[in-house]
Amino acid sequence: MTDLVIASNNKGKILEIRQMIQGINLLSLQDIGFDTDIPEPYHTFEENAHTKAEAIHRFCGKNVFADDSGLCVNALGGAPGVISAHYSGERHDEQNLQLVLTNLQGVEDRSAYYKAVICLIWQEQTYYFEGVCSGHIITEKRGSGGFGYDPIFIPDGHTETFAQLPLSVKNSISHRGKAVAKMVAFLHSQL
Ligand code: IMP
């Protein structure tokens with residue numbers, strides 16, 4: 007089976023992606039012995055995903071993909087966006103989520119979307135796959151599943167947050183689910 011490294015240490019993400027890819031030997035950063043923190047200094051999801059994928063590819067020489075993702079709130083000018091993981095200044099999901107709620111106090115337009123961009127380095131070529139999931143931000147946390155901003159995000163067409171919906175449902179409609187589905191279709195065409 008062909009090796010493919012996920013350039014991430016985020017357990018929530020790895021769990022979601024593992025459920026979506028079969029027929030490929032999926033390796034985590036731990037599996038390849040990579041324990042360095044990769045900076046994400048850029049202003050776009052594409053640049054950050056590419057930086058991560060390239061750093062891991064240089065380290066191990068294997069096929070690799072990295073995703074960069076985040077929550078974009080329209081009334082906040084697209085924030086937290088690329089700094090979703092540390093919006094409050096800390097890599098702390100609860101503090102980041104609370105800051106979004108605080109910044110949206112009294113704001114009528116609560117529309118938001120999650121965006122994910124995957125950069126895949128496959129047989130020395132670079133490919134990008136994108137997914138978007140639109141929804142809105144509620145005023146109080148609901149549910150205990152998922153991670154990050156999931157307890158305050160309700161995807162369009164649903165009445166429950168991503169933290170309440172089963173993971174299988176989240177995967178089928180999420181930004182990352184859509185981006186991974188595009189990458190999986192590509193990989194199947196290559197195998
Ligand atoms: P990344 O690891 O740099 O891609 O940062 C992603 C950050 O965006 C996470 O730490 C979360 O704050 C947020 N995020 C991305 N995808 C999701 C999701 O599916 N649910 C909740 N938060 C997410």
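The numbering used here puts the last residue of the sequence shown at 197; the count rises by one with no breaks.
All C-beta atoms, glycine included, are put in the ideal place defined by N, C-alpha and C.
Rounded C-alpha distance that separates residue i from residue j
{"i": "ASN54", "j": "GLY154", "result": "18 angstroms"}
{"i": "LYS19", "j": "THR8", "result": "21 angstroms"}
{"i": "GLN25", "j": "ASP156", "result": "18 angstroms"}
{"i": "VAL79", "j": "LYS17", "result": "24 angstroms"}
{"i": "LEU110", "j": "GLN129", "result": "45 angstroms"}
{"i": "TYR119", "j": "HIS164", "result": "14 angstroms"}
{"i": "GLY67", "j": "SER140", "result": "36 angstroms"}
Closer than 7 angstroms: residue i CB and nearest ligand 1 heavy atom
{"i": "ARG64", "result": "no"}
{"i": "GLY84", "result": "no"}
{"i": "ASN109", "result": "no"}
{"i": "LEU33", "result": "no"}
{"i": "TYR119", "result": "no"}
{"i": "ARG148", "result": "no"}
{"i": "ASP74", "result": "yes"}
{"i": "ASP162", "result": "no"}
{"i": "GLY141", "result": "no"}
{"i": "ASP156", "result": "yes"}
{"i": "ALA91", "result": "yes"}
{"i": "ASP43", "result": "no"}
Exposure of residue i, with buried meaning 16 or more beta-carbon neighbours within 10 Å
{"i": "GLY137", "result": "buried"}
{"i": "PRO47", "result": "exposed"}
{"i": "VAL113", "result": "exposed"}
{"i": "SER90", "result": "buried"}
{"i": "LYS176", "result": "buried"}
{"i": "ALA13", "result": "buried"}
{"i": "ARG182", "result": "buried"}
{"i": "PRO45", "result": "exposed"}
{"i": "HIS194", "result": "exposed"}
{"i": "GLU22", "result": "buried"}
{"i": "ASP99", "result": "buried"}
{"i": "THR167", "result": "buried"}
{"i": "THR238", "result": "No answer is possible for residue 238: the residues shown for the chain start at 7 and end at 197."}
Rounded Cβ spacing between residue i and residue j (contact assumed at less than 8 angstroms)
{"i": "HIS142", "j": "SER117", "result": "5 angstroms"}
{"i": "ALA59", "j": "VAL123", "result": "11 angstroms between Cβ atoms; not a contact."}
{"i": "SER180", "j": "LYS121", "result": "Not confirmed; about 11 angstroms, so no contact."}
{"i": "VAL88", "j": "HIS63", "result": "21 angstroms between Cβ atoms; not a contact."}
Residue nearest to residue i in terms of C-alpha spacing, selected from the options
{"i": "PRO172", "options": "LEU35, GLY151, ALA185, ILE158", "result": "GLY151"}
{"i": "GLN196", "options": "ILE23, GLN25, ILE30, VAL11", "result": "ILE30"}
{"i": "LYS5", "options": "TYR134, GLN170, ARG64", "result": "Here the chain has residues from 7 to 197 only, and residue 5 is not among them."}
{"i": "ALA72", "options": "ILE38, PHE159, LEU126", "result": "LEU126"}
{"i": "THR108", "options": "ALA81, VAL88, TYR134, TYR119", "result": "ALA81"}
{"i": "ASN69", "options": "TYR133, ALA187, GLU52", "result": "TYR133"}
{"i": "ALA187", "options": "GLN28, GLY95, ALA85", "result": "GLN28"}
{"i": "ASN102", "options": "LEU77, ASP115, GLY83", "result": "LEU77"}
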